[in-house]
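Using our numbering, the first residue of the sequence shown is number 9, and each one after it goes up by one.
For each residue, glycine too, the CB sits at the ideal point set by N, CA and C.
Here the structure is laid out as structure tokens; the discussion comes afterwards.
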Amino acid sequence: MNIELTDDQALVLSDWMNRVMHRQDFAALVDDRAVWSALFKISGSLETQLSSIFDSSYSEQLDAARQRLIGELGEFGER
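Here's what the structure looks like:
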């Protein structure tokens, strides 16, 4: 199976997964232990393919990617 993401999507998803996967409240949401296999695979694939996570301007790149993706969403997900 292949899933295609834009560079912006991959960067934002990688950051999000890195921040939430190790939190206790997230772990409590994963009610099927086998799902962790897929989560680890996705996270590892993103980390090995994104050279920008080691770049000194990572934060700026991440912020810019977030803004572009939010712009594409329009009003979806606004609270």
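Residue i: first and last residue of the uninterrupted alpha helix (DSSP H) it sits in
i, result
"Leu81", "Tyr66 to Leu81"
"Phe62", "Per DSSP, Phe62 belongs to no alpha helix (DSSP H) and is neither H nor E."
"Leu47", "Val43 to Gln57"
"Asp16", "Asp15 to Val28"
"Asp33", "Gln32 to Leu37"
Distance between beta carbons of residue j and residue i, contact taken as under 8 Å
i, j, result
"Leu19", "Ser60", "6 Å"
"Ser22", "Glu55", "6 Å"
"Ser51", "Met29", "6 Å"
"Asp16", "Arg76", "5 Å"
Within-8 Å CB hit, residue i to chain D
i, result
"Gln17", "Absent from the structure is chain D; it holds one protein chain and no more."
Proximal residues to residue i (C-beta, below 7 Å), its chain only, five neighbours per side dropped
i, result
"Arg74", "Val20"
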